[in-house]
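Engineer:
In my numbering, the protein residues as written are 85 to 848.
1) May I have the straight-line CA-CA distance separating residue 626 from residue 252, to the nearest angstrom?
2) Tell me where the alpha helix (DSSP H) around residue 746 begins and ends.
3) Just the Cα atoms here: how many angstroms apart are residue 312 and residue 367?
4) Return the chain-ordered list of same chain residues with a C-beta closer than 6 Å to the C-beta of residue 509, the five sequence neighbours on each side being excluded.
5) Rounded to a whole number of angstroms, what is the C-alpha to C-alpha distance between residue 570 and residue 187?
6) Measuring only the C-alpha atoms, how far is residue 464 from residue 576?
7) For residue 219 and residue 720, what's the separation of their Cα atoms in angstroms?
8) Residue 646 by DSSP, collapsed to three states: which one?
9) Since residue 855 sits in a beta bridge, which residues does DSSP pair it with?
10) Can residue 633 and residue 617 be called in contact, C-beta distance under 7 Å?
11) Quick one: grab the DSSP three-state call for residue 761.
12) If we ignore side chains and look at the alpha-carbon of each, how far apart do residue 234 and residue 340 end up?
13) So residue 759 and residue 706 are in contact, right, with Cβ under 8 Å, and what is the actual spacing, rounded?
14) Please confirm whether residue 605 and residue 666 have their CB atoms less than 7 Å apart.
15) Is residue 213 near residue 170, with beta carbons less than 7 Å apart?
16) Assign residue 526 to one of two classes, buried (16 or more other C-beta atoms within 10 Å of its C-beta) or exposed (fewer than that).
17) Under 7 Å, do residue 835 and residue 784 count as touching if we go by C-beta distance?
18) Restricting to Cα atoms, I'd like to know which of 376, 573, 564 is closest to residue 599.
19) Taking just the CA atoms, how far does residue 244 sit from residue 189?
20) State whether the region 387-394 contacts the region 346-353, with contact taken as three or more CB pairs (one from each stretch) at a distance under 8 Å.
21) Hey, could you find the ends of the alpha helix (DSSP H) residue 460 is sitting in?
22) In angstroms with no decimal places, state the Cα-to-Cα distance between residue 852 and residue 550.
23) Which class does residue 428 belong to by DSSP, given the choice of helix, strand or coil?
24) How far does the alpha helix (DSSP H) with residue 732 in it reach, from first residue to last?
25) Please name the residue, chosen from 767, 282, 316, 659, that lies closest to residue 351 on a Cα-to-Cα basis.
26) Just the Cα atoms here: how many angstroms apart are residue 662 and residue 718?
27) Report yes if the CB atom of residue 768 is closer than 7 Å to the CB atom of residue 651, and no otherwise.
28) Determine the extent of the alpha helix (DSSP H) in which residue 630 is found, giving its start and end residues.
29) Quick one: grab the DSSP three-state call for residue 452.
30) On the three-state DSSP scale, how would you describe residue 620?
31) Considering residue 279, what are the terminal residues of the alpha helix (DSSP H) in which it resides?
32) Do residue 641 and residue 701 come within 7 Å of each other at the CB atom, strictly closer than that value?
33) Find the nearest neighbour of residue 849 within the set 674, 596, 658, 593, judged by alpha-carbon distance.
34) Helix, strand or coil, according to DSSP, for residue 793 in the structure here?
35) Using a 10 Å radius around the Cβ and a threshold of 16 neighbouring Cβ atoms, would you call residue 853 buried or exposed?
36) Between residue 709 and residue 668, what straight-line distance do the alpha-carbon atoms span, to the nearest angstrom?
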């Protein structure tokens with residue numbers, strides 16, 4: 085709408101009559117509700133038109149006949165319409181709420197823009213409007229006393245209104261009017277604490293968590309944040325003497341509402357790491373840490389939800405602040421945490437909650453393994469874990485193996501390599517989470533004796549876990565869960581201990597391959613071996629050599645049956661086989677990327693090479709792939725073909741298998757032309773989408789490699805292949821660009837055009 089029409093519309097709106105004649109709430113019959121929806125829509129339209137004018141004036145892009153007067157009129161209409169709009173927020177009708185929330189969001193956006201442009205009059209109007217909106221949020225977003233968050237979490241109209249008010253409206257106000265929101269929250273907390281109103285406390289926490297996620301952090305806000313964390317609400321200690329079987333609905337509703345307070349508190353803590361980093365003393369730590377472990381957190385008397393929230397927040401908090409915590413609170417935290425770690429499988433906790441506590445402790449103990457205190461604590465905890473390994477109950481053994489794996493996460497992987505420990509305080513940024521670069525690793529000294537002692541402790545744990553898992557390594561065993569947990573633990577030990585782990589697990593890995601009797605078992609075993617090969621390359625050659633042949637033979641026993649229309653696996657067994665075949669492709673890709681060609685060309689493995697190459701070629705073309713797996717599998721297979729061409733074709737490649745050049749000229753050239761036609765990604769997906777483009781990029785990269793290593797023979801193979809049905813000029817132009825060294829970004833669009841032409845011809 086142009087400026088003149090918008091101005092005329094504005095002047096024609098009888099806003100005051102509309103707002104003055106809004107129907108009073110009455111019997112919510114269909115006709116009355118319909119009328120109120122229409123009035124809400126009209127108020128939204130009125131305010132929207134006025135706000136559109138304000139927006140255009142503030143942008144300075146629209147010239148009205150009298151901009152100042154028009155802006156004043158628009159502002160007046162907007163101010164009159166706002167309280168009427170906010171009054172509709174108390175309606176439970178979803179259509180009304182949708183209209184009004186849209187209107188309120190527009191108010192926030194326009195007046196936020198006014199604040200940015202520093203328009204004095206508009207800014208004052210904006211502050212006034214925001215105060216009214218915040219008051220409406222306070223009134224409307226508070227939980228009704230009979231509202232059960234569990235029962236109505238998804239399907240109650242109030243839930244959606246509250247979510248929009250907190251996550252959309254309030255966050256928008258917080259971004260533009262941070263100081264105003266800080267004042268509002270401070271006042272809200274003080275009123276809630278003074279009154280002891282638990283529902284007001286819950287709302288204050290919900291809004292504060294939302295603010296931390298979006299709002300600008302100021303000294304005043306940090307002061308509020310610290311005050312709230314230092315003073316956990318008393319209602320977090322809620323409990324009941326009524327048994328779970330006899331608790332009535334009002335009691336359950338009240339408890340579920342109080343659970344939200346605890347969840348908000350721990351969510352706030354999990355997002356407040358920067359506040360803790362700026363503390364000059366341990367006051368805030370001393371106030372907070374007991375909350376994690378006592379009856380307000382992991383020790384809560386009656387709420388699994390609260391215990392879960394505490395466990396999750398503890399892990400997040402510990403990962404972010406591990407260095408500070410381990411330096412000043414290690415012993416206290418370990419003692420407090422142990423009460424919630426053992427026995428593993430305690431029914432007071434979910435398994436995930438207990439594992440998060442183990443992982444948190446691992447991050448503390450893995451921060452500096454040179455500390456005698458860390459070593460003592462680790463030894464004591466793993467001593468209890470090893471006792472659990474000796475149980476005759478497989479379920480207990482499973483739990484303790486899982487716990488050991490969770491504990492180990494602080495010593496490797498996303499933590500950092502265990503044996504690269506040169507711990508000096510300047511090497512840590514605040515918070516202690518260090519991302520080692522190749523340069524810093526190169527400067528590290530050899531591990532200290534204590535670091536090697538920690539390695540020894542973990543190897544002892546590994547050997548005990550493997551011994552406890554022997555029942556799972558028998559053909560036809562029923563201990564499938566124990567086997568899966570063992571494989572997961574081996575993943576962790578590879579990450580934690582590093583290359584020294586290889587001699588200890590080689591026989592175990594071979595046994596896993598030998599006893600794998602299902603697609604699922606093969607899948608997890610392949611993933612483990614891929615990790616080992618990728619991480620250790622040449623050092624893993626012995627394991628790769630011993631497992632390659634049995635893996636190839638077992639994998640090729642499984643086929644995938646696809647639905648001819650959707651190209652999806654038609655049964656659970658086929659889906660499991662498809663997942664396993666993807667893991668097998670990762671395994672082959674790991675061998676090629678780490679240049680372990682010795683494994684492929686080992687004399688005893690040569691009879692398998694033709695089968696493996698046909699498999700890779702088939703996956704590169706991608707005609708028989710499950711559409712869920714097709715993109716990654718096609719890209720890896722195309723990449724492998726390119727790497728093999730680089731490795732096995734050229735003047736210095738004397739170790740290439742016989743006939744590989746002919747294979748590349750015939751089969752790789754064919755794949756490079758037909759993958760974008762026959763591949764699953766292009767048959768059932770968006771041929772112009774991101775996944776298709778990434779596959780095309782791999783195809784073009786393979787063509788570049790073939791052109792470089794096969795010379796003009798590759799061009800002749802292309803001209804005589806499937807592309808010979810395309811216009812010769814188009815093909816020659818593409819080959820000219822390919823051989824002249826054109827970059828991939830310019831080749832891919834041209835390749836897409838040729839592939840589209842070939843698809844059209846193929847479908848005729």
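By construction, the Cβ of each residue, glycine as well, lies at the ideal position given by its N, Cα and C atoms.
Structural biologist: A quick look at the data gives this:
1) Between residue 626 and residue 252, the C-alpha separation is close to 57 Å.
2) For residue 746, the enclosing alpha helix (DSSP H) has its first and last residue at 744-747.
3) 13 Å
4) Unreliable placement is indicated for residue 509, whose pLDDT of 32 sits below 50; the coordinate value is still reported in the next sentence. Nothing listed; no residue qualifies.
5) Cα-Cα distance, rounded: 56 Å.
6) Roughly 20 Å separates the two Cα atoms.
7) 56 Å
8) strand
9) As shown, the chain starts at 85 and ends at 848. That puts residue 855 outside it, with no answer to give.
10) no
11) helix
12) Taking the straight line from one Cα to the other gives about 7 Å.
13) 6 Å
14) Not closer than 7 Å, so no.
15) no
16) Because the pLDDT of residue 526 is 34, which lies under 50, any placement of that residue in the model is unreliable, and the number read from its coordinates should be weighed accordingly. By the neighbour-count rule (16 or more Cβ atoms within 10 Å), residue 526 is not buried but exposed.
17) yes
18) 564
19) 15 Å
20) Output reads yes: the region 346-353 touches the region 387-394.
21) 456-473
22) Residue 852 cannot be examined here, being either before or after the span of the chain that is shown, 85 to 848.
23) coil
24) Per DSSP, residue 732 belongs to the alpha helix (DSSP H) from 714-732.
25) 316
26) 13 Å
27) yes
28) Taken as a continuous stretch (DSSP letters only), the alpha helix (DSSP H) holding residue 630 covers 625-639.
29) Reduced to three states, the DSSP call for residue 452 is coil.
30) helix
31) Per DSSP, the continuous alpha helix (DSSP H) segment holding residue 279 begins and ends at 262-279.
32) no
33) A query on residue 849 cannot be resolved here, the shown segment of the chain reaching from 85 to 848 and no further.
34) Secondary structure at residue 793: helix, using DSSP grouped into helix, strand and coil.
35) Past the boundaries of the shown model lies residue 853; the chain is included only from 85 to 848, so the question cannot be answered.
36) Using only the alpha carbons, I get a separation of about 13 Å.
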